[in-house]
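The next block holds one structure in the form of structure tokens; read it before the comments.
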């Protein structure tokens with residue numbers, strides 16, 4: 368069978384770690400089964416805030432990968448403050464009142480001098496290189512995935528130059544993403560961001576988004592077809608794990624400053640004070656980068672002695688720890704801007720057979736997914752008593768040895784099935 372070639376332009380690719388790499392790594396894994404040959408274009412010398420070399424084993428051995436050098440401002444910025452640069456590049460923005468002078472400077476430079484983002488210097492050389500490659504290799508369709516959203520500008524220029532079909536995939540929104548307003552943008556910079564966003568949305572042949580809310584937001588800006596293809600779960604080669612002896616509540620992934628659920632710390636502190644059995648059995652497991660603001664709030668609630676922080680671990684290890692935990696925690700920022708965010712780890716959570724406690728903004732898209740799949744409980748930031756009742760109920764099931772989730776309808780979120788949805792758009 369002759370496969371149709373599609374060029375995928377992405378910044379994040381193994382050995383990059385974190386959720387940004389998973390989406391297209393998995394699409395590339397399954398595209399050939401649908402008659403599509405993926406060609407992946409990535410930077411030769413990227414600056415990844417997270418590295419997971421274990422993901423290299425998941426790259427198809429037969430996939431064509433092409434690389435070109437990138438000029439990385441984050442590499443320059445790390446000379447001033449390596450720690451701050453790493454956090455900002457991964458989306459961890461320090462609390463406004465506690466930002467150092469260097470952090471404020473880095474945020475201003477990032478927002479006002481590098482529009483739409485710090486990888487914008489890769490656009491011009493990428494267009495020059497890919498124009499020739501596309502012509503020589505019979506490629507008629509390209510896909511750009513952001514963030515970084517500067518990659519969409521590469522797609523825009525290639526479309527103008529070659530008249531190729533172009534799909535723009537938005538793993539996260541552009542100007543409405545949570546950290547955008549933290550970049551200390553001038554009025555002219557904000558105007559330029561919005562103008563570029565609209566140009567991309569009105570030029571791409573099709574738009575792919577990961578949530579219904581983002582689709583609704585973009586429909587106000589463009590008449591182009593918009594398709595919702597969420598993230599999903601894959602078949603993980605992880606041995607069955609024995610459950611933790613402790614009543615572990617586990618959070619996997621980055622715990623950002625603005626994702627600081629005070630109601631959770633209060634609820635846990637009260638349950639520890641009220642229930643001796645809970646106090647003896649409880650453990651809070653943190654896997655991934657955690658902001659200092661969150662750690663401070665945990666400490667102020669008197670929960671330090673219950674915390675088991677493993678830091679950032681390879682994806683395979685994270686999956687194993689997730690399946691060992693008694694209950695899984697999902698937290699999103701309490702803001703209308705984050706209603707559209709459906710964290711990628713949600714889908715891995717859903718197939719773990721462990722119940723989920725999710726805290727987020729009212730009307731969050733992921734609340735509907737949790738409810739429809741019967742995989743846990745969603746609460747807003749104002750529902751502390753309901754949160755306490757949920758924790759108590761799960762603890763009672765833990766004591767009886769019957770604690771687990773009973774999911775339904777998960778197949779629609781399998782990576783293979785979602786790749787089939789992508790091919791329909793192609």
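Residue numbers (the numbering used here): 368 to 793. Ideal Cβ placement from N, Cα and C applies to all residues, glycine included.
By the Cβ rule, the stretch 692 to 709 does not count as touching the stretch 666 to 677, because fewer than three pairs are nearer than 8 Å. For residue 744, the pairing in a beta bridge is given by DSSP as 724. Assignment of residue 532 by DSSP, reduced to helix, strand and coil, places it in the strand class. Counting of Cβ neighbours within 10 angstroms places residue 592 among the exposed residues, the total staying below 16. Excluding five sequence positions before and after residue 657, the CB atoms of its chain that fall closer than 6 Å to its own CB belong to 622, given in chain order.
Look at residue 756 here: in three-state DSSP terms it is helix. Taken through DSSP and simplified to helix, strand or coil, residue 594 comes out as strand. Rounded to the nearest whole angstrom, the CA to CA distance from residue 626 to residue 421 is 28 Å. Counting the other CB atoms within 10 Å of its CB gives residue 715 a total of 16 or more, which places it among the buried residues. Counting along the chain, residue 680 sits inside no alpha helix (DSSP H), nor does DSSP assign it H or E at all.
Apart from the 5 residues on each side of it in sequence, residue 537 sits with its Cβ closer than 6 Å to the Cβ of 576 in its chain, given in chain order. According to the DSSP assignment, residue 607 belongs to no alpha helix (DSSP H), since it is labelled neither H nor E. Secondary structure of residue 405 (DSSP, three-state): strand. Rounded to the nearest angstrom, the gap between the Cα atoms of residue 583 and residue 602 is 31 Å. By alpha-carbon distance to residue 392, the top candidate from 608, 791, 793, 786 is 786. In this structure, the beta-carbon distance from residue 668 to residue 635 falls below 8 Å.
In this structure, residue 696 keeps its C-beta atom at 8 Å or more from the C-beta atom of residue 508. Boundaries of the beta strand (DSSP E) harbouring residue 374: 371 to 376, taken from the DSSP string. By the criterion of a C-beta distance shorter than 8 Å, residue 757 is surrounded in its chain by 724, 744, 746, once the five residues flanking it on both sides are discounted.
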